[in-house]
Amino acid sequence: MSEKIRQQEEDYLKSTYHQLQKTQKTLSEWLNETKQSGQTMMSKITEDIKLNVDGISDKLDSFSQIEMKNREIDQYNIKIRNGEVTLDKVNRLLENPYFGKIKVDFLDEEEPESFYIGMHGFSDANNDNLIYDWRSPIAELFYNNEIGPSSYNVRGNTIETSIEERRQFVIEKDKLITYFDTMVSIQDDVLLDALAKDDTKKMRDITVTIQKEQNVIIRDTSTPYMLVNGVAGSGKTSAIMQRIAYLLYNMQDEITSEDVLILSPNKAFIQYVSDVLPSLGEKNPRNMTLLQFAQSYMRRHIESEEHYFKRISKESMSKETEYLRDGQFIHYIKDNVYREFDSSKLFDDITLRDKTIISKEHIKQLFDETPNNSPHVDRVQGVKQRLLSSWNQRLIQQSRTKKIHDQVTSLTEEQQEKYFGHLIQDDSEKSLTRYAEQLLRKKYKKVTQQINRYRWLNQEILFNELFKGFSGVTYQRQMAPITLDEAIAILTITHYYVERLTMPNMRFVLVDEVQDYTPAQLQFLLLLFPKSDFTMVGDENQAIFNTNTPFKAIEALFTSDGKELTTYQLLTSYRSTGAITKAFNELSLSKNATIVPIRPQGEEPVLIQYNELSDINQVVTDILTELNGEKLTIIVKTEDEKALLEHWFDELLDVQVTSINLAKGLEFDNVLLWGASSEHYNDVRDQKILYTAFSRAMNRLYIAYNKNISPLLSYLL
1 MSEKIRQQEE DYLKSTYHQL QKTQKTLSEW LNETKQSGQT MMSKITEDIK
51 LNVDGISDKL DSFSQIEMKN REIDQYNIKI RNGEVTLDKV NRLLENPYFG
101 KIKVDFLDEE EPESFYIGMH GFSDANNDNL IYDWRSPIAE LFYNNEIGPS
151 SYNVRGNTIE TSIEERRQFV IEKDKLITYF DTMVSIQDDV LLDALAKDDT
201 KKMRDITVTI QKEQNVIIRD TSTPYMLVNG VAGSGKTSAI MQRIAYLLYN
251 MQDEITSEDV LILSPNKAFI QYVSDVLPSL GEKNPRNMTL LQFAQSYMRR
301 HIESEEHYFK RISKESMSKE TEYLRDGQFI HYIKDNVYRE FDSSKLFDDI
351 TLRDKTIISK EHIKQLFDET PNNSPHVDRV QGVKQRLLSS WNQRLIQQSR
401 TKKIHDQVTS LTEEQQEKYF GHLIQDDSEK SLTRYAEQLL RKKYKKVTQQ
451 INRYRWLNQE ILFNELFKGF SGVTYQRQMA PITLDEAIAI LTITHYYVER
501 LTMPNMRFVL VDEVQDYTPA QLQFLLLLFP KSDFTMVGDE NQAIFNTNTP
551 FKAIEALFTS DGKELTTYQL LTSYRSTGAI TKAFNELSLS KNATIVPIRP
601 QGEEPVLIQY NELSDINQVV TDILTELNGE KLTIIVKTED EKALLEHWFD
651 ELLDVQVTSI NLAKGLEFDN VLLWGASSEH YNDVRDQKIL YTAFSRAMNR
701 LYIAYNKNIS PLLSYLL
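Taking the UniProt record's numbering, the leading residue of the sequence shown gets 1, the next gets one more, and so forth.
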C-alpha cells in the first residue's frame with residue numbers, strides 16, 4: 001500500500017469532509033433562519049387576510065389575496081422540505097462520505113477522470129461533483145467489477161470506456177481506515193467485513209457491497225417483467241430494495257414511492273425491510289402482504305395470517321381449493337362476462353326493519369331491461385344507477401309532503417340537534433322541505449347503503465354458478481372465515497361482474513417469495529395491474545407451502561400476453577458460513593447448479609440426539625454455554641410444534657422460537673433446528689423445508705433429532 005497514494009486519498013477525504021461540514025453548517029443556519037422568518041411571515045399573512053364582506057368586489061379581492069398568500073406558503077414549504085432532504089443526505093455522508101472510486105478513460109485523448117462513489121451525490125459551492133450517487137449512470141462502472149474495457153448506459157446510449165483503477169474504501173467519518181485496489185474476487189475484504197456485521201433485527205442496505213450479478217438486476221429497465229431465482233442468502237431481496245431506490249432516483253421526474261407496490265410474504269418481513277429505503281434517503285413505498293391487499297378491497301373478513309400459514313402448511317388440500325388456485329379459473333371468470341345467470345335467484349329485497357322498501361321483483365325487472373349484449377358489470381352498474389336515481393326522487397317527493405313537514409315541526413329540540421346539528425330557525429315551506437329531505441336521508445340511510453353496497457345482488461349465486469361452470473362440481477363453503485383463495489376469486493368476480501375495483505396506478509409491482517403464490521393469485525395481479533412492470537424474486541428450493549407455482553409456470557404465465565420476461569439466476573450465497581452453505585446445498589433440488597459460498601468455512605453443523613421433548617432445556621442450555629452470549633433461534637416445522645415446544649420451554653432461557661413459515665426470508669446468527677427426525681422429514685417437500693431452515697443460520701447450525709435422524713440428512717452422519 002503506497003504511502004503516497006494513501007496520503008493523496010487522505011487529502012481528498014479531508015477536503016471533501018470539510019466541504020460537507022461547511023454545507024451542513026450553511027444548510028442548518030439557513031433552515032433555522034428560514035423557519036423563524038417563516039413564522040413571522042405566517043403571522044403577517046394571518047393578519048393580512050381578513051375577509052371583507054361589505055361588497056362582492058371586496059370579497060373577490062380578498063379571495064384573490066388568499067390564493068396569492070397560499071402560493072407563497074406552498075413555495076415556502078417546498079423550500080423548507082428540499083432543504084431538510086439535502087441536509088439529511090449531507091448528514092448521512094458525514095458518517096461515511098464514500099466507499100468507492102473509479103478512474104475512467106473515456107477514450108477521447110483526455111486524461112482519465114476519477115469518480116468517487118457514495119450513498120448520495122454531493123457537489124461543492126462551485127458545482128464540482130465531489131461524490132457521485134451510487135445510482136448515477138457513471139457508478140455502473142464501479143459495480144461492473146472490471147478493469148480494462150467497460151461501458152455504461154446513459155438514457156439508452158452506451159458509452160465505451162476503459163477502467164484504469166477500481167478502489168474500495170473503509171471510511172469512518174473523516175478517517176480512512178483502509179483501501180483496496182481490486183477487481184473484486186470472492187475474497188473481497190470489504191464484502192467480508194460487511195457480512196461479518198450481523199444484525200438480524202432489520203435488513204441493511206447493501207450499497208457498499210452490491211455484487212456484479214446483483215447490480216444487473218438493480219439497473220435492468222429493459223423488460224417489463226423480471227424473474228429472479230436466487231438461492232438462500234444470495235441477496236435477492238436486498239437487490240430488489242436497492243432496485244426500488246435506483247428506480248426512484250433515475251425516474252424521479254416520472255415516479256414517486258406512491259407508484260411502487262411491494263408484496264411481502266408476511267407482516268414480520270415488512271418490518272424487517274422497513275429501514276432499507278429510508279437509510280438510502282427514499283420514502284418507503286406501499287408494502288403489504290397479499291392478505292392485507294385483498295382485505296383492503298373486501299368488506300367481509302378474510303382469514304388471519306396465522307390461519308393462512310397454518311392452512312397452506314398442510315401436506316394436502318381439497319379438490320375445491322385446487323380449482324380456486326387454478327389460474328384458468330381466473331381466466332374463466334374473465335371470459336364469461338356476457339354469461340346469463342338465473343335472474344330469479346340473483347336479486348334480494350332491500351329492506352328496513354323487516355319491511356320491504358324495494359322488491360327483488362322490481363330489481364329483476366330493471367336488470368332485464370338492461371342490454372343483454374353488455375358485460376355483466378355494466379348491466380349491474382346500470383341497475384344501481386337507476387335504483388339510486390329512483391330512490392333519490394322518492395325521498396325528494398316525500399320531503400315535499402305535509403305529513404313529513406308536520407314530522408319536522410314536531411321534533412323536539414334534542415331531536416333537531418341530532419338530525420340537523422342546530423335548532424330550526426326558519427319554518428317556511430322551502431326551509432321545511434330542505435329539513436324534511438335531510439331528515440329522510442338520515443332515517444333511510446341504511447337503504448341508500450344497501451343500494452351502494454349491492455346488498456340487493458346475491459353475489460353468492462355468481463360465485464357458485466361460475467365455480468360450477470368451471471369445475472363441474474358444487475362449491476361447499478365452510479363457515480370459517482373467507483380464505484385468501486376464496487377472496488381472490490370473489491374479488492375477480494366483483495371486478496368483472498359487479499363493480500370494477502379501483503386500483504392505484506402502480507408503475508412497478510415487486511413480489512417477494514413469488515414461488516409461494518398460486519397461479520390464480522399471480523393471474524389476479526396481472527389482471528389488476530396490466531400496465532405495471534413486475535419484479536419477482538424467489539427460490540424454488542424454498543417452495544415449502546402447498547400454494548407453490550414452479551418458475552417455468554410463472555414464466556409461461558407472464559409471457560402469455562407477448563410481453564418479454566427476463567430471468568436471472570443467483571447462485572452465490574452471502575449469508576451463511578461455508579460449512580452451513582455446503583449443508584443446505586446438499587438439499588438443493590437443482591443438482592446441476594452448485595451454490596457458491598462467500599463467507600469463511602466456519603464450524604460444521606452439529607447433530608444432537610435427544611430422548612424426550614423435555615430435554616429441550618438441557619440442549620438449549622448447553623448450546624447457549626457454547627455460544628457464550630451469542631443469540632440462538634429455535635426453528636420448528638409447524639405452529640403446533642412451536643406451541644408444544646414452548647410448553648416445555650424454560651422462559652428464563654433467552655431464545656426465540658419460531659416456525660419455519662415465519663422464519664422464511666429472515667436470517668439469524670445461530671439456529672437450532674428441533675425435531676429433524678425420520679418421522680418428521682422424509683419427502684421432497686420436507687427436503688425443501690430443511691433447506692429453508694438450514695439457510696436461516698449465519699454462523700452456527702445445530703440439528704436436534706429424536707431416535708433416528710431424517711434419511712434426507714444422512715449425508716451429515
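Ideal placement from N, C-alpha and C gives every residue a C-beta, glycine not left out.
Looking at Phe-668: is its Cβ nearer than 8 Å to the Cβ of Asp-259? On the sequence shown, position 668 is the one that residue 668 refers to. On the sequence shown, position 259 is the one that residue 259 refers to. The answer is no: Cβ separation not under 8 Å.
Rounded straight-line distance, which links the Cα of Leu-557 to that of Glu-564: Within the sequence shown, the letter at position 564 stands for residue 564. Within the sequence shown, the letter at position 557 stands for residue 557. If I take the Cα positions, the gap works out to 11 Å.
Let me know the secondary structure DSSP gives Lys-355 once reduced to three states. Taking the first residue of the sequence shown as position 1, residue 355 is located at position 355. Strand, per DSSP.
In this structure, does DSSP put Val-184 in helix, strand or coil? Looking up residue 184 in the sequence shown gives position 184. Caution is warranted here: a pLDDT of 48 is assigned to Val-184, below 50, making its placement in the model unreliable, and no coordinate value can be reported.
Roughly how many angstroms lie between the CA atoms of Lys-402 and Glu-437, to the nearest whole one? As a first step, residue 402 must be located in the sequence shown, where it is residue number 402. As a first step, residue 437 must be located in the sequence shown, where it is residue number 437. Approximately 12 Å, taken between the alpha carbons.
Decide yes or no for the touch test of the segment 280-297 against the segment 669-686: beta carbon pairs closer than 8 Å, at least 3 of them. no
Close-in-space but distant-in-sequence residues of the same chain around Asp-88 (CB under 8 Å, 5 per side omitted): Along the sequence shown, read from residue 1 onward, the residue named residue 88 stands at position 88. So the list reads Gly-281, once near-sequence residues are dropped.
Between which two residues does the beta strand (DSSP E) harbouring Gln-569 extend? In the sequence shown, counting from the first residue as 1, residue 569 sits at position 569. Taken as a continuous stretch (DSSP letters only), the beta strand (DSSP E) holding Gln-569 covers 565-570.
On the DSSP bridge list, what partners appear for Trp-674? One-based indexing of the sequence shown puts residue 674 at position 674. The partner list for Trp-674 (beta bridge, DSSP) reads Ala-704.
Same chain, Cβ closer than 7 Å to Pro-711, five either side skipped, listed in chain order: By 1-based counting over the sequence shown, the position of residue 711 is 711. The answer, listed in chain order, is Ser-678 and Asn-682.
Short of 8 Å in beta carbon distance, which residues of its chain neighbour Leu-501, apart from the five on each side in sequence? Order them along the chain. Taking the first residue of the sequence shown as 1, we reach residue 501 at position 501. Hits under 8 Å: Tyr-297, Leu-491, Thr-494, His-495 and Leu-528.
Based on the DSSP secondary-structure assignment, which residues constitute the bridge partners of Asp-512? Here the question's residue 512 lines up with position 512 in the sequence shown. According to DSSP, which records beta bridges pairwise, Asp-512 is partnered with Val-537.
Would the beta-carbon of Pro-605 fall within 8 Å of that of Ile-544? Taking the sequence shown and counting its residues from 1, the one referred to as residue 605 is at position 605. Taking the sequence shown and counting its residues from 1, the one referred to as residue 544 is at position 544. Going by C-beta atoms, Pro-605 is not nearer than 8 Å to Ile-544.
CA-CA distance, Ser-714 and Phe-269? Looking up residue 714 in the sequence shown gives position 714. Looking up residue 269 in the sequence shown gives position 269. Answer to the nearest angstrom: the Cα atoms are 32 Å apart.
List the endpoints of the continuous beta strand (DSSP E) containing Phe-529. For the purposes of this step, residue 529 is identified with residue 529 of the sequence shown, where counting begins at 1. Unbroken run through Phe-529: none, as it is neither H nor E.
Consult DSSP for Pro-278 and reduce its assignment to one of helix, strand or coil. For the purposes of this step, residue 278 is identified with residue 278 of the sequence shown, where counting begins at 1. Reduced to three states, the DSSP call for Pro-278 is helix.
Under 8 Å Cβ to Cβ from Arg-441, same chain only, skipping five residues before and after it: list those, please. Position 441 of the sequence shown, counted from the first residue, corresponds to residue 441. Excluding residues within five positions, the ones whose Cβ falls inside 8 Å are Leu-395 and Thr-448.
Please state whether DSSP places Ser-151 in a helix, a strand or coil. If you number the sequence shown from 1, residue 151 lands on position 151. Reduced to three states, the DSSP call for Ser-151 is strand.
Would you check if there are 3 or more beta carbon pairs closer than 8 Å linking the segment 334-344 to the segment 531-538? no
With Asn-585 as the anchor, note down where its alpha helix (DSSP H) starts and where it stops. Sequence index remark: in the sequence shown, residue 585 carries index 585 (1-based). Counting along the chain, the alpha helix (DSSP H) containing Asn-585 begins and ends at 578-585.
Near Thr-581, which residues of its chain fall below 7 Å by C-beta distance, leaving aside the five closest residues on each side in sequence? Residue numbering aside, residue 581 sits at position 581 when the sequence shown is read from its first letter. Ser-573, Ile-595 and Pro-597.
For Gly-602 and Asp-174, what's the separation of their Cα atoms in angstroms? By one-based count along the sequence shown, residue 602 stands at place 602. By one-based count along the sequence shown, residue 174 stands at place 174. Taking the straight line joining both Cα atoms gives about 34 Å.
Every unbroken alpha helix (DSSP H) within the segment 679-704, with a cutoff of 4 residues, ordered by chain: 684-694
Report yes if the CB atom of Trp-648 is closer than 8 Å to the CB atom of Ile-608, and no otherwise. On the sequence shown, residue 648 is found 648 positions in, with the first residue counted as 1. On the sequence shown, residue 608 is found 608 positions in, with the first residue counted as 1. No, Cβ-Cβ distance for Trp-648 and Ile-608 is not below 8 Å.
When DSSP builds the beta bridges, which residues end up paired with Asn-287? Working through the sequence shown from its first residue, we reach residue 287 at position 287. For Asn-287, which the question treats as bridged, DSSP gives the partners Ile-262.
Please return the same chain residues whose Cβ sits closer than 8 Å to the Cβ of Asp-368, not counting the five positions on each side in sequence. Stepping through the sequence shown from its first residue, residue 368 is reached at position 368. Here the set comprises Ser-343.
Quick test of the definition: if touching needs 3 or more C-beta pairs under 8 Å, does the segment 127-135 touch the segment 231-250? yes
For Asn-82, which of helix, strand or coil comes out of DSSP? Locating residue 82 in the sequence shown gives position 82, where the first residue counts as 1. In the structure shown, Asn-82 sits in a helix (DSSP, three-state: H, G or I).
Excluding the 5 residues flanking Leu-662 on each side, which residues of the same chain have their C-beta closer than 8 Å to its C-beta? Here residue 662 refers to the residue found at position 662 when the sequence shown is read from its first residue. The residues are Asn-266, Ala-268 and Phe-309.
The segment 469-480 touching the segment 420-440, judged by at least three CB pairs closer than 8 Å: no
From the DSSP secondary-structure annotation, give me the bridge partner or partners of Ile-131. Looking up residue 131 in the sequence shown gives position 131. Ile-131 is bridged to Phe-122.
How would you label Leu-701, buried or exposed, when you count the other beta carbons within 10 angstroms and need 16 or more for buried? Residue 701 sits at position 701 when you count from the first residue of the sequence shown. With 16 or more other Cβ atoms within 10 Å, it is buried.
Span of the alpha helix (DSSP H) around Asn-617: As a position in the sequence shown, residue 617 is number 617, starting the count at 1. Note, Asn-617: alpha helix (DSSP H), 616-627.
Ile-635 to Tyr-338, Cα distance in whole Å? For the purposes of this step, residue 635 is identified with residue 635 of the sequence shown, where counting begins at 1. For the purposes of this step, residue 338 is identified with residue 338 of the sequence shown, where counting begins at 1. C-alpha separation (whole angstroms): 51 Å.
Using CA atoms only, rank isn't needed, just tell me which of Ala-125, Arg-311, Tyr-179 and Met-203 is closest to Ala-480. Residue numbering aside, residue 480 sits at position 480 when the sequence shown is read from its first letter. It is Arg-311 whose Cα lies nearest to the Cα of Ala-480.
Using 8 Å as the threshold, is the C-beta distance between Leu-324 and Glu-486 below it? Here residue 324 is taken as the residue at index 324 of the sequence shown, counted from 1. Here residue 486 is taken as the residue at index 486 of the sequence shown, counted from 1. The answer is yes: Cβ separation under 8 Å.
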